[in-house]
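Asker: Counting from 0, one number per residue, gives the positions in the sequence shown under numbering that gives the first Met the number 0.
Right, I'll just put the structure down here and ask away after.
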Amino acid sequence: MNKIVVEGWRGINHSYALVNQWQLLEMTKRNIDLRHLDVPYISPKWNRLANSSGLSLEQMLIIDNIKKPEPGEEIDISYRIAYPYNLAPSKSARNYVFGTSESQSKEIHFINRDPKKANKWDPNLFIVTPSRWSKIGFLKAGFDEHRVMVVPHGVDPETYFPLEPIVRNNWRKSMGIEEDQFVLLSLGTCYFNKGVELLVVAFAILRDKYPNLRLILKDQNNLYYNRSGRDVISDVEKSPYYRQINKNNLDEIIYISRNLSTIELRTFYGACDCYVSPYRAEGFNLTPLEAAACGTPILVTAGGSTDDYFHPLMGFQIEGRVQSKGLDTIIEPNLDSLIQQLTELIEGRKSVGGNCGSKYVHTKFSWARVCDQLLRVMQID
Numbered sequence: 000m001n002k003i004v005v006e007g008w009r010g011i012n013h014s015y016a017l018v019n020q021w022q023l024l025e026m027t028k029r030n031i032d033l034r035h036l037d038v039p040y041i042s043p044k045w046n047r048l049a050n051s052s053g054l055s056l057e058q059m060l061i062i063d064n065i066k067k068p069e070p071g072e073e074i075d076i077s078y079r080i081a082y083p084y085n086l087a088p089s090k091s092a093r094n095y096v097f098g099t100s101e102s103q104s105k106e107i108h109f110i111n112r113d114p115k116k117a118n119k120w121d122p123n124l125f126i127v128t129p130s131r132w133s134k135i136g137f138l139k140a141g142f143d144e145h146r147v148m149v150v151p152h153g154v155d156p157e158t159y160f161p162l163e164p165i166v167r168n169n170w171r172k173s174m175g176i177e178e179d180q181f182v183l184l185s186l187g188t189c190y191f192n193k194g195v196e197l198l199v200v201a202f203a204i205l206r207d208k209y210p211n212l213r214l215i216l217k218d219q220n221n222l223y224y225n226r227s228g229r230d231v232i233s234d235v236e237k238s239p240y241y242r243q244i245n246k247n248n249l250d251e252i253i254y255i256s257r258n259l260s261t262i263e264l265r266t267f268y269g270a271c272d273c274y275v276s277p278y279r280a281e282g283f284n285l286t287p288l289e290a291a292a293c294g295t296p297i298l299v300t301a302g303g304s305t306d307d308y309f310h311p312l313m314g315f316q317i318e319g320r321v322q323s324k325g326l327d328t329i330i331e332p333n334l335d336s337l338i339q340q341l342t343e344l345i346e347g348r349k350s351v352g353g354n355c356g357s358k359y360v361h362t363k364f365s366w367a368r369v370c371d372q373l374l375r376v377m378q379i380d
């Protein structure tokens with residue numbers, strides 16, 4: 000039986016910690032000897048109370064009960080999933096380091112070894128990254144093609160699935176949303192790479208024509224403290240689009256900054272009419288996949304990391320143009336394309352998502368299937 004030690008974050012809602020926790024839950028179901036070693040968070044402010052993962056108590060108990068490795072214990076495989084990326088030599092037979100390169104820059108934050116030297120002198124070191132887009136950054140950093148493994152993220156079908164109509168209607172009423180209103184949703188940090196300000200501009204323009212349009216922004220201000228959904232308005236005010244919009248429409252945006260449990264997340268996903276992510280650069284972009292698993296149509300930028308999982312059953316793509324920005328590579332979404340796709344969805348000219356989209360995600364991108372791929376990459380049968 001293979002003995003694996005996972006060195007990473009757990010207990011909080013940072014994306015790396017969430018990925019780690021979902022993978023740990025699946026690994027506990029496999030015929031492997033699993034260990035977990037906690038890596039210190041990069042922020043002293045992060046903690047389980049303020050930044051809860053949102054997983055159930057039962058799930059957290061399973062994760063917390065994974066044994067720590069004993070001093071001197073022989074380990075077959077080390078899998079590191081935290082930040083910055085630790086390239087230190089491992090005593091394991093093989094060492095896998097998870098990472099993402101959102102903007103494909105070679106300036107990735109590694110510690111304990113230079114990537115080019117590690118690539119040359121350590122034949123047992125490999126990189127795991129969740130998309131072909133992200134892989135390019137690690138190749139630029141100096142890793143050989145065969146050392147960078149692409150393993151996607153996934154969803155838990157028992158957590159993310161379509162809402163029953165009565166649950167959906169009750170949630171919308173609790174949020175003050177009328178039955179005939181068309182609700183857009185976007186979750187995550189409000190940094191430049193997310194392109195949230197473009198969604199705000201599109202919303203403000205479209206609401207003049209469609210007064211029943213609403214927008215919900217769920218930020219990660221509880222984790223990063225320095226960027227809330229309301230800060231996006233400052234970006235919009237400085238943008239060349241500000242003159243085109245009705246400022247009063249900005250007052251109709253609903254902002255959420257608090258932690259949400261996975262059950263609450265599922266309700267947000269399932270009760271909205273479209274999940275929108277006009278991103279510029281992402282390592283994977285998990286939230287649209289979770290929304291699609293809940294049967295909600297998604298709208299994402301074309302050409303980036305989401306190309307690895309996007310299917311027309313799930314929604315539509317926003318046209319964009321690849322640009323170099325210093326050492327970074329981004330995709331600048333086309334605002335007219337975003338507005339056009341939203342218009343067709345609002346007017347009902349396109350019908351996607353629902354049970355077909357949800358079933359596709361459950362079949363192709365469950366955490367169980369992702370875990371199988373990860374273990375194959377680690378050469379575990």
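Idealized CB from N, CA, C, for every residue including glycine.
Can you list, in chain order, the residues of its chain whose CB lies under 8 Å from that of M148, leaving out five sequence neighbours each side?
Answerer: Here the set comprises Y95, F125, I126, V127, T128, V376.
Asker: List the endpoints of the continuous beta strand (DSSP E) containing T342.
Answerer: Counting along the chain, T342 falls outside any beta strand (DSSP E), though it belongs to the alpha helix (DSSP H) covering 334-345.
Asker: With a cut-off of 8 Å on the beta carbons, I'd call V381 and A292 a contact; round off their distance for me.
Answerer: The displayed coordinates of the chain run from 0 to 380. Any statement about residue 381 would go beyond what the structure contains.
Asker: I397: which of F97, L205, F137, A140 sits nearest, CA to CA?
Answerer: Examination of residue 397 is not possible in this model, given that the chain is present from 0 through 380 alone.
Asker: I'd like to know if the segment 48-57 and the segment 70-86 are in contact, where contact means that at least 3 CB-CB pairs between them fall below 8 Å.
Answerer: Not touching, per the Cβ criterion.
Asker: Along the chain, where does the beta strand (DSSP E) that runs through Q180 open and close?
Answerer: Run containing Q180: none; DSSP gives neither H nor E here.
Asker: At which residues does the beta strand (DSSP E) containing E6 begin and terminate?
Answerer: Unbroken beta strand (DSSP E) run through E6: 2-7.
Asker: Measuring straight from C-alpha to C-alpha, what distance separates Y274 and P210?
Answerer: Rounded to the nearest angstrom, the two C-alpha atoms are 19 Å apart.
Asker: If we count the other Cβ atoms within 10 Å of its Cβ and call it buried at 16 or more, is E394 buried or exposed?
Answerer: What is shown of the chain runs 0 to 380, which leaves residue 394 out entirely.
Asker: I'd like the list of long-range same chain contacts for D432, defined as Cβ closer than 6 Å, with 5 residues on each side in sequence excluded.
Answerer: Shown here, the chain extends from 0 to 380; a query on residue 432 therefore has no answer.
Asker: Between P296 and V351, which are expected to be in contact by the criterion C-beta below 8 Å, what is the C-beta distance as a whole number of angstroms?
Answerer: At roughly 5 Å, the Cβ-Cβ gap stays under 8 Å, so P296 and V351 are in contact.
Asker: In terms of residues, what are the limits of the alpha helix (DSSP H) holding M59?
Answerer: Per DSSP, M59 belongs to the alpha helix (DSSP H) from 56-63.
Asker: Which residue wins for smallest C-alpha separation from T188, given the options F267, E343, T286?
Answerer: The shortest C-alpha separation from T188 is found at T286.
Asker: From the DSSP output, in three-state form, read off L213 for me.
Answerer: Checking the sequence shown, residue 213 turns out to be Arg, not Leu. Residue state, collapsed to three classes: strand.
Asker: In whole angstroms, give me the CA-to-CA distance for T27 and I262.
Answerer: Roughly 22 Å between the two C-alpha positions.
Asker: Indicate whether S77 and V4 have their beta-carbon atoms separated by less than 9 Å.
Answerer: Yes, the Cβ-Cβ distance between S77 and V4 is below 9 Å.
Asker: In this structure, what does DSSP give as the bridge partners for V127?
Answerer: In the DSSP output, where bridge partners are listed per residue, V127 has F97, M148.
Asker: Using three-state DSSP, classify N85 as helix, strand or coil.
Answerer: Of the three classes helix, strand and coil, the one that applies to N85 here is strand, per DSSP.
Asker: What three-state label does DSSP hand E331 in the structure shown?
Answerer: Reduced to three states, the DSSP call for E331 is strand.
Asker: Please name the residue or residues paired with S350 in a DSSP beta bridge.
Answerer: Looking at the DSSP assignment, S350 forms no beta bridge with any residue, so it has no partner.
Asker: Look at the alpha carbon of I41 and the alpha carbon of L138, and state the distance between them as a whole number of angstroms.
Answerer: Each residue's Cα considered, the two are about 25 Å apart.
Asker: From H108 to G98, what does the alpha carbon distance come to, in whole angstroms?
Answerer: H108 and G98: Cα-Cα distance of roughly 10 Å.
Asker: What is the rounded straight-line gap between the Cα of L298 and the Cα of P151?
Answerer: Rounded to the nearest angstrom, the two C-alpha atoms are 19 Å apart.
Asker: To the nearest angstrom, how far is it from the Cα of G207 to the Cα of K66?
Answerer: Note that residue 207 is Asp in the sequence shown here, rather than Gly. In a straight line, the C-alpha of D207 is about 57 Å away from that of K66.
Asker: Roughly how many whole angstroms lie between the Cα atoms of L334 and A301?
Answerer: For L334 and A301, the distance between alpha carbons rounds to 13 Å.
Asker: If you follow the beta strand (DSSP E) that F309 is in, where does it begin and where does it stop?
Answerer: From DSSP, F309 is part of no beta strand (DSSP E); its letter is neither H nor E.
Asker: Mapping DSSP to helix, strand and coil, what is Y159?
Answerer: DSSP places Y159 in coil when its eight states are reduced to three.
Asker: Cβ of S14 within 9 Å of Cβ of P156?
Answerer: Contact: no.
Asker: Answer yes or no: do L264 and A203 have a C-beta to C-beta separation smaller than 9 Å?
Answerer: Going by C-beta atoms, L264 is not nearer than 9 Å to A203.
Asker: Pull up the distance between the alpha-carbon of A201 and that of N64, whole angstroms please.
Answerer: Taking the straight line from one Cα to the other gives about 47 Å.
Asker: In the DSSP assignment, find the unbroken alpha helix (DSSP H) run with R375 in it and report its ends.
Answerer: Run containing R375: 366-376, per the alpha helix (DSSP H) assignment.
Asker: Which residues in the same chain as H35 place their Cβ atom closer than 6 Å to its Cβ, once the five residues preceding and following it in sequence are excluded?
Answerer: Contacts found: V5, I65.
Asker: Would you decide whether A49 is buried or exposed? Buried here means 16 or more other CB atoms lie within 10 Å of its CB.
Answerer: So A49 ends up on the exposed side.
Asker: What does the alpha-carbon distance come out to for the pair L214 and I110?
Answerer: Cα to Cα, L214 sits roughly 40 Å from I110.
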